[in-house]
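K.L.:
Next up is a structure, given as structure tokens.
Residue numbers (UniProt numbering): 1 to 259.
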């Protein structure tokens, strides 16, 4: 059995797809691409797909991850191309690598988010950010399946800063952009929780809902303060070791005669 790890995106209107919607679209793509999936045992076998820390519905993402198990080895890049062609535009498969290490989910310990606040002046956003970072704790409430829950958002935030707005923006068309790095703790602190925290400490309330995009997720490096690529260990292991015989033969197989 071969395991393949995939990176995919949620862009444009597809950011409103739920995780269940994505699962259905991905399983259809597996069938269209005729991927030789491994199946679970039991009375109701299902394709062996492991999803890791999916972004909330309504947020975009450039860094979602999953892992599939194959009954027959395949070249990862060819598999990526087939799956990407079978997915809706906006749900794009951007990278595939053969899993040569364990613990992909354990390497997803933090995320980098971009929050675009239309109608908010950069100076107002900066004051709110400073107030948030200066607080020892910023408690917010969120409704969960067990009812309303109060929790601290400040402790999960590694960094929060404003970044330059697009050059074409004018005072009448303000847009503040925040860059947020947040740890994956329990309970999970989401970007909308941080926005609620900014409102609580500085009365920052964008006139329209914020456009939120996950730019990266991976292992948080304490020394550098960055979020590292979770597929890098597998990529390095593949480079250091030869591919499986079946994958090598697939990659070297001659193409059919030209038309």
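The beta carbon of each residue, even a glycine, is placed where N, CA and C say it ideally should be.
Grouping DSSP H, G and I as helix and E and B as strand, with all else coil, what is residue 43?
P.N.:
As a working note, residue 43 is residue 43 in the chain shown. Reduced to three states, the DSSP call for residue 43 is coil.
K.L.:
Would DSSP call residue 257 helix, strand or coil?
P.N.:
Taking the first residue of the chain shown as 1, we reach residue 257 at position 257. For residue 257, the predicted model reports a pLDDT of 44, less than 50, meaning its position is unreliable; a value from the coordinates is still stated below. Here residue 257 sits in coil by DSSP.
K.L.:
Anyone know if the C-beta pair for residue 110 and residue 183 falls short of 9 Å?
P.N.:
Walking along the chain shown from the start, residue 110 turns up at place 110. Walking along the chain shown from the start, residue 183 turns up at place 183. Contact: yes.
K.L.:
Cβ atoms of residue 198 and residue 129: under 9 Å apart, would you say?
P.N.:
For the purposes of this step, residue 129 is identified with residue 129 of the chain shown, where counting begins at 1. For the purposes of this step, residue 198 is identified with residue 198 of the chain shown, where counting begins at 1. For residue 129 and residue 198, yes; Cβs fall inside 9 Å.
K.L.:
Hey, would you say residue 67 sits closer than 9 Å to residue 3, going by beta carbons?
P.N.:
Position 67 of the chain shown, counted from the first residue, corresponds to residue 67. Position 3 of the chain shown, counted from the first residue, corresponds to residue 3. Yes, they are a contact pair.
K.L.:
Taking only three categories from DSSP, how would you classify residue 174?
P.N.:
In the chain shown, the residue the question calls residue 174 occupies position 174. Residue 174: coil per DSSP, three-state reduction.
K.L.:
Check for me: the beta strand (DSSP E) holding residue 213 runs from which residue to which?
P.N.:
What you label residue 213 is simply residue 213 of the chain shown in a count that begins at 1. Residues 211-218.
K.L.:
Quick check on the burial criterion: 16 or more other C-beta atoms within 10 angstroms. Buried or exposed for residue 249?
P.N.:
Here residue 249 is taken as the residue at index 249 of the chain shown, counted from 1. Since pLDDT at residue 249 reaches only 49, below the 50 mark, its modelled position is unreliable, and the value read off the structure follows with that caveat. Under this definition residue 249 is an exposed residue.
K.L.:
To which residues does DSSP link residue 151 through a beta bridge?
P.N.:
Start at 1 with the first residue of the chain shown, and residue 151 comes out as number 151. Residue 151 is bridged to 140.
K.L.:
So, using beta-carbon positions, are residue 153 and residue 189 closer together than 9 Å?
P.N.:
Residue numbering aside, residue 153 sits at position 153 when the chain shown is read from its first letter. Residue numbering aside, residue 189 sits at position 189 when the chain shown is read from its first letter. Against a cut-off of 9 Å, the Cβ pair of residue 189 and residue 153 comes out as a contact.
K.L.:
Among residues of its own chain, excluding the 5 on either side of residue 63, which ones have a beta-carbon nearer than 6 Å to its beta-carbon?
P.N.:
Residue 63 sits at position 63 when you count from the first residue of the chain shown. Within the same chain, residue 63 has close Cβ partners 214, 216, 217.
K.L.:
Buried or exposed: where does residue 61 fall if 16 or more other Cβ atoms within 10 Å of its Cβ makes it buried?
P.N.:
As a first step, residue 61 must be located in the chain shown, where it is residue number 61. Buried, by the Cβ-count rule.
K.L.:
Mind checking who residue 145 pairs with in its DSSP beta bridge?
P.N.:
Counted from its first residue, the chain shown places residue 145 at position 145. DSSP, once it has assigned bridges, lists no residue as partnering residue 145.
K.L.:
What are the partner residues of residue 60, as DSSP defines its beta bridges?
P.N.:
Residue 60 sits at position 60 when you count from the first residue of the chain shown. The partner list for residue 60 (beta bridge, DSSP) reads 213.
K.L.:
Cα-Cα, which of 205, 19, 222 is closest to residue 119?
P.N.:
On the chain shown, residue 119 is found 119 positions in, with the first residue counted as 1. Ranking the options by Cα distance to residue 119, first place goes to 205.
K.L.:
Could you spell out where the beta strand (DSSP E) holding residue 262 opens and where it closes?
P.N.:
Residue 262 lies beyond the stretch modelled for the chain, which goes from 1 to 259, so this question has no answer here.
K.L.:
Is the beta carbon of residue 115 closer than 9 Å to that of residue 133?
P.N.:
Residue 133 sits at position 133 when you count from the first residue of the chain shown. Residue 115 sits at position 115 when you count from the first residue of the chain shown. It is not a contact, given that the beta carbons lie outside the stated cut-off.
K.L.:
Does DSSP put residue 50 in a helix, a strand or coil?
P.N.:
For this step, residue 50 is matched to residue 50 along the chain shown. Of the three classes helix, strand and coil, the one that applies to residue 50 here is strand, per DSSP.
K.L.:
Taking the C-alpha atoms as reference points, what is the distance between residue 163 and residue 136?
P.N.:
In the chain shown, residue 163 corresponds to position 163, counting from 1. In the chain shown, residue 136 corresponds to position 136, counting from 1. C-alpha separation (whole angstroms): 23 Å.
K.L.:
Taking the CB atoms as reference points, tell me whether residue 187 and residue 151 lie closer together than 9 Å.
P.N.:
Position 187 of the chain shown holds residue 187. Position 151 of the chain shown holds residue 151. In this structure, residue 151 lies closer than 9 Å to residue 187 by Cβ.
K.L.:
Here's the rule: buried if 16 or more other CB atoms are within 10 angstroms of the residue's CB, otherwise exposed. What is residue 297?
P.N.:
The question about residue 297 has no answer, for the chain in this structure spans 1 to 259.
K.L.:
Can you give the Cα-Cα distance for residue 25 and residue 56, rounded to whole angstroms?
P.N.:
If you number the chain shown from 1, residue 25 lands on position 25. If you number the chain shown from 1, residue 56 lands on position 56. Residue 25 and residue 56: Cα-Cα distance of roughly 17 Å.
K.L.:
Use the C-beta contact count for residue 41: other C-beta atoms within 10 angstroms, 16 or more gives buried, fewer gives exposed.
P.N.:
As a first step, residue 41 must be located in the chain shown, where it is residue number 41. Result: exposed.
K.L.:
Under the three-state reduction of DSSP, which class applies to residue 229: helix, strand or coil?
P.N.:
As a first step, residue 229 is located in the chain shown; it is residue number 229 there, counting from the start. The answer is coil: DSSP assigns residue 229 none of H, G, I, E or B.
K.L.:
Cα separation between residue 38 and residue 177?
P.N.:
As a first step, residue 38 must be located in the chain shown, where it is residue number 38. As a first step, residue 177 must be located in the chain shown, where it is residue number 177. The alpha-carbon of residue 38 is positioned some 43 Å away from that of residue 177.
K.L.:
Please classify residue 94 as buried or exposed, where buried requires at least 16 other C-beta atoms within 10 Å of its C-beta.
P.N.:
Residue 94 sits at position 94 when you count from the first residue of the chain shown. Exposed, because fewer than 16 other Cβ atoms sit within 10 Å of the Cβ of residue 94.
K.L.:
What residue from 193, 237, 65 has the CA that sits closest to residue 144's CA?
P.N.:
Here the question's residue 144 lines up with position 144 in the chain shown. That would be 193, whose Cα lies nearest to the Cα of residue 144.
K.L.:
So what's residue 21 in DSSP terms, helix, strand or just coil?
P.N.:
Here residue 21 is taken as the residue at index 21 of the chain shown, counted from 1. Note: residue 21 maps to helix in three-state DSSP.
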